[in-house]
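Quick mapping for you: the protein sequence lines, in order, are chains A and B. So the first sequence is residues 1 to 218, counted in this note's numbering. So the second sequence is residues 219 to 436, counted in this note's numbering. All C-beta atoms in this analysis are idealised placements derived from N, C-alpha and C, irrespective of residue type, glycine included. Please read these numbers as outputs of a predicted model, since none were measured by experiment. Here is the structure we will look at.
Protein chains: 2
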Amino acid sequence: MEGSRTVTMGRTSVPDSTIQRLPLYLRCLLEFEQLRMPVVSSVQLAESCGTNAAQVRKDLSYLGELGTRGIGYDVDGLIEHISGVLGVTEQRRAALVGFGRLGGALLGYTGFPERGFEIVAAYDVDPAKIGSVAGGVTIAPLDDLERDMAEHPIDIVIISTPAAAAQAIADRVVKAGVKAILNLAPVRLVVPEDVAVRQVCLSTDLQVLSFYLARKAL
Amino acid sequence: MEGSRTVTMGRTSVPDSTIQRLPLYLRCLLEFEQLRMPVVSSVQLAESCGTNAAQVRKDLSYLGELGTRGIGYDVDGLIEHISGVLGVTEQRRAALVGFGRLGGALLGYTGFPERGFEIVAAYDVDPAKIGSVAGGVTIAPLDDLERDMAEHPIDIVIISTPAAAAQAIADRVVKAGVKAILNLAPVRLVVPEDVAVRQVCLSTDLQVLSFYLARKAL
DNA sequence: TGCTGTGAAGGAATTCACAGCC
DNA sequence: GGCTGTGAATTCCTTCACAGCA
Numbered sequence: 001m002e003g004s005r006t007v008t009m010g011r012t013s014v015p016d017s018t019i020q021r022l023p024l025y026l027r028c029l030l031e032f033e034q035l036r037m038p039v040v041s042s043v044q045l046a047e048s049c050g051t052n053a054a055q056v057r058k059d060l061s062y063l064g065e066l067g068t069r070g071i072g073y074d075v076d077g078l079i080e081h082i083s084g085v086l087g088v089t090e091q092r093r094a095a096l097v098g099f100g101r102l103g104g105a106l107l108g109y110t111g112f113p114e115r116g117f118e119i120v121a122a123y124d125v126d127p128a129k130i131g132s133v134a135g136g137v138t139i140a141p142l143d144d145l146e147r148d149m150a151e152h153p154i155d156i157v158i159i160s161t162p163a164a165a166a167q168a169i170a171d172r173v174v175k176a177g178v179k180a181i182l183n184l185a186p187v188r189l190v191v192p193e194d195v196a197v198r199q200v201c202l203s204t205d206l207q208v209l210s211f212y213l214a215r216k217a218l
Numbered sequence: 219m220e221g222s223r224t225v226t227m228g229r230t231s232v233p234d235s236t237i238q239r240l241p242l243y244l245r246c247l248l249e250f251e252q253l254r255m256p257v258v259s260s261v262q263l264a265e266s267c268g269t270n271a272a273q274v275r276k277d278l279s280y281l282g283e284l285g286t287r288g289i290g291y292d293v294d295g296l297i298e299h300i301s302g303v304l305g306v307t308e309q310r311r312a313a314l315v316g317f318g319r320l321g322g323a324l325l326g327y328t329g330f331p332e333r334g335f336e337i338v339a340a341y342d343v344d345p346a347k348i349g350s351v352a353g354g355v356t357i358a359p360l361d362d363l364e365r366d367m368a369e370h371p372i373d374i375v376i377i378s379t380p381a382a383a384a385q386a387i388a389d390r391v392v393k394a395g396v397k398a399i400l401n402l403a404p405v406r407l408v409v410p411e412d413v414a415v416r417q418v419c420l421s422t423d424l425q426v427l428s429f430y431l432a433r434k435a436l
């Protein structure tokens with residue numbers, strides 16, 4: 001990852017920026033579905049997710065000819081299709097490493113399953129935490145990680161350890177065959193290029209906001 | 219924000235993409251500082267934050283002529299300068315709305331102050347939570363929000379309520395004069411264009427990772 | 001007529017390559 | 001010689017505008 005710009009997809013290729021918007025489209029479509037709307041236009045979809053209609057049409061056209069001219073997009077069909085492209089039609093198996101406050105919050109979060117994810121295992125090094133149960137999983141010692149993953153493969157690992165421990169964890173899970181990591185620790189992970197990493201850092205986002213405040217005040 | 223691409227900055231303008239990398243540079247520079255390195259080159263900085271040297275030089279050049287040809291960038295000076303541009307030289311005051319598991323984790327997080335932020339107030343609607351203390355602040359009833367903010371202005375509001383409540387909170391804090399919001403609820407907030415919003419959604423990131431897994435498996 | 005799908009145009013961001021300075 | 005700063009070139013993304021179809 002890190003450097004890749006587009007991803008081959010069937011005969012054509014989907015830009016990275018489009019991929020990042022697909023989850024957003026999906027979320028909006030699910031709202032339209034709950035409103036019992038059978039069809040949406042690119043204008044409606046754009047409005048509900050804060051883009052413009054041309055963007056929506058271009059993005060969706062990368063996935064195929066999903067709409068009907070003169071009518072719009074079938075909501076259920078589009079949900080189905082985008083879910084398929086994102087690979088969340090069946091549940092993805094995630095594991096959590098680092099059962100601190102943040103890790104605990106994630107284990108308790110009930111929104112993942114309906115978005116295609118389930119946290120099926122959690123690990124920590126602290127003996128005091130091992131054995132406790134949260135979100136339906138029992139915290140296991142970090143040493144079990146490799147054995148567990150060999151028995152029950154994991155799609156995505158979520159790292160919520162302190163910064164200092166994150167790289168070592170990444171190395172271990174990569175060696176265990178994991179190809180996708182969500183990193184919540186404030187460090188840039190170094191991984192082989194066939195491993196996808198996404199970095200979430202609230203401090204970074206806060207600093208970006210701070211920049212806009214600073215500009216505004218000038 | 220939402221739509222803005224570049225931001226005027228003195229006589230010139232800084233691309234949005236550059237701004238998003240500044241916090242990353244800052245983090246790496248702080249590591250160099252701890253290693254007692256007085257000077258870094260664009261190559262070193264690029265390496266430590268996973269970009270390339272040309273990118274680093276371009277980005278930094280938007281902020282002024284901060285380096286010395288033949289030598290590199292003065293670490294302390296650059297930290298100072300970027301902190302200034304990001305507006306985190308003095309502590310920013312943040313307030314948290316929604317003291318659930320995630321909100322609690324944020325209040326407990328000790329990393330914010332060293333990155334220029336302090337959570338100075340926290341609110342919730344649940345009477346059972348009001349009055350409890352976490353991370354040095356007492357959870358106040360949501361109704362106190364406007365009065366508190368009138369007395370002690372807040373720079374940034376962090377919304378960690380359920381999705382359904384987020385927009386109403388946003389409306390209230392915007393009315394109270396807040397110009398920057400970090401939204402952790404999985405909904406697109408609608409705000410006036412002079413208000414900056416950043417959306418953090420782990421499900422979205424997980425789905426993007428899932429996409430890459432799906433492509434890999436094809 | 002209404003709305004999608006898409007080539008073409010326009011605009012941004014990244015990378016290149018080298019002039020300019022230490 | 002080494003490294004920054006930056007116009008120019010390239011690549012990527014977005015927007016436009018309209019052809020094509022229900």
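Next on the checklist: Excluding the 5 residues flanking Val-355(B) on each side, which residues of the same chain have their C-beta closer than 7 angstroms to its C-beta?
Outcome noted: Leu-325, Ile-337, Val-338, Ala-339, Ala-340
Checklist entry - Which whole-angstrom value describes the C-beta separation of Phe-211(A) and Val-303(B), a residue pair presumed to lie in contact below a C-beta threshold of 8 angstroms? => result 7 angstroms
Next on the checklist: So that I know if they touch, is there some Cβ in chain B lying closer than 8 angstroms to that of Pro-153(A)?
Outcome noted: Judged by the 8 angstroms Cβ criterion, Pro-153(A) is not in contact with chain B.
Checklist entry - Ser-338(B) lies in the beta strand (DSSP E); which residues open and close that run? => result A quick correction: the sequence has Val, not Ser, at residue 338(B). Unbroken beta strand (DSSP E) run through Val-338(B): 335–342.
Item to check | Buried or exposed by the 16-neighbour rule on C-beta atoms within 10 Å, applied to Ser-260(B) | outcome: buried
Item to check | chain B contact for Val-125(A) (CB, 8 angstroms cutoff) | outcome: no
Checklist entry - So which residues on chain B does Pro-186(A) lean against when the C-beta distance must stay under 9 angstroms? => result Neighbours of Pro-186(A) on chain B, chain order: Arg-245, Gly-329, Arg-333.
Next on the checklist: Measuring only the C-alpha atoms, how far is Ala-176(A) from Lys-129(A)?
Outcome noted: 23 angstroms
Item to check | Close-in-space but distant-in-sequence residues of the same chain around Val-88(A) (CB under 6 angstroms, 5 per side omitted) | outcome: Gly-116
Next on the checklist: Please tell me whether Glu-249(B) and Ser-266(B) are closer than 8 angstroms, where the distance is taken between their beta carbons.
Outcome noted: yes
Next on the checklist: I'd like to confirm the pairing. Which residues does DSSP put opposite Ser-196(A) in its beta bridges?
Outcome noted: Ser is not the amino acid found at residue 196(A); the sequence shown has Ala there. DSSP output for Ala-196(A) lists Ala-180(A) as bridge partner(s).
Checklist entry - In chain B, what lies closer than 7 angstroms to Ile-19(A) by C-beta? => result Val-426, Phe-429
Checklist entry - For the candidate residues Val-232(B), Ile-237(B), Ser-231(B), Pro-233(B), whose alpha-carbon lies nearest to that of Leu-241(A)? => result Nothing about residue 241(A) can be read from this structure; chain A reaches only from 1 to 218.
Next on the checklist: Can you pull the chain B neighbours of Val-85(A), defined as C-beta to C-beta under 8 angstroms?
Outcome noted: Phe-429, Ala-432
Item to check | DSSP three-state assignment for Glu-151(A), whether helix, strand or coil | outcome: In the structure shown, Glu-151(A) sits in a helix (DSSP, three-state: H, G or I).
Checklist entry - Where Leu-375(B) and Ala-358(B) are concerned, what is the direct C-alpha to C-alpha distance, given to the nearest angstrom? => result Per the sequence shown, the amino acid found at residue 375(B) is Val instead of Leu. Whole-angstrom Cα-Cα distance: 14 angstroms.
Item to check | Members of the segment 310–328 of chain B near chain A, C-beta cut-off 9 angstroms | outcome: Arg-310, Ala-312, Gly-318, Arg-319, Leu-320, Gly-321, Gly-322, Ala-323, Leu-324, Leu-325, Gly-326, Tyr-327
Checklist entry - What residue range is occupied by the uninterrupted alpha helix (DSSP H) comprising Asp-362(B)? => result Counting along the chain, Asp-362(B) falls outside any alpha helix (DSSP H), and DSSP gives it neither H nor E.
Item to check | Per-residue DSSP class, three states only, for Ser-41(A) | outcome: Ser-41(A): coil per DSSP, three-state reduction.
Next on the checklist: Which same chain residues end up closer than 6 angstroms to Val-173(A) when comparing Cβ atoms and leaving out the 5 residues on each side of it in sequence?
Outcome noted: These residues qualify, in order along the chain: Val-157.
Item to check | Delimiting residues of the beta strand (DSSP E) encompassing Tyr-73(A) | outcome: 72–74
Checklist entry - In chain A, which residues lie with their C-beta within 9 angstroms of the C-beta of Lys-347(B)? => result Here the premise fails: no neighbours, minimum Cβ distance about 15 angstroms.
Next on the checklist: Just to confirm my understanding: we take Cys-28(A), look at its own chain, exclude 5 residues before and 5 after, and list those with CB closer than 8 angstroms. What are they?
Outcome noted: Leu-45, Ser-48, Cys-49
Item to check | Burial state of Ile-71(A), where buried means 16 or more other Cβ atoms lie within 10 Å | outcome: exposed
Checklist entry - Is the CB of Gly-354(B) under 8 angstroms away from at least one CB in chain A? => result no
Checklist entry - With distances taken between CB atoms, is the gap from Gly-98(A) to Ile-159(A) smaller than 8 angstroms? => result Taking C-beta atoms as the reference points, Gly-98(A) and Ile-159(A) count as a pair closer than 8 angstroms.
Checklist entry - So is Ala-196(A) in contact with chain B if we call contact Cβ pairs under 8 angstroms? => result At a cut-off of 8 angstroms, the C-beta of Ala-196(A) has a neighbouring C-beta in chain B.
Next on the checklist: Given the structure, does Ala-388(B) come close to the ligand GDP, in the sense that its CB is under 7 angstroms from one of the ligand's heavy atoms?
Outcome noted: With respect to the ligand GDP, the structure offers nothing, as it holds no ligand at all.
Checklist entry - Helix, strand or coil: how does DSSP classify Pro-23(A) here? => result helix
Checklist entry - Span of the alpha helix (DSSP H) holding Val-391(B)? => result 381–393
Checklist entry - What are the boundary residues of the beta strand (DSSP E) that includes Arg-188(A)? => result Looking at the DSSP string, Arg-188(A) is not in any beta strand (DSSP E), and its letter there is neither H nor E.
Item to check | CA-to-CA distance, Asp-366(B) to Arg-198(A), given in whole angstroms | outcome: Straight-line spacing of the CA atoms in Arg-198(A) and Asp-366(B) works out to 37 angstroms.
Checklist entry - Per DSSP, which one or two residues make a beta bridge with Ile-139(A)? => result Ala-122(A)
Next on the checklist: Looking at Asp-155(A): is its Cβ nearer than 8 angstroms to the Cβ of Leu-431(B)?
Outcome noted: Judged by their CB atoms, Asp-155(A) and Leu-431(B) are nearer to each other than the 8 angstroms cut-off.
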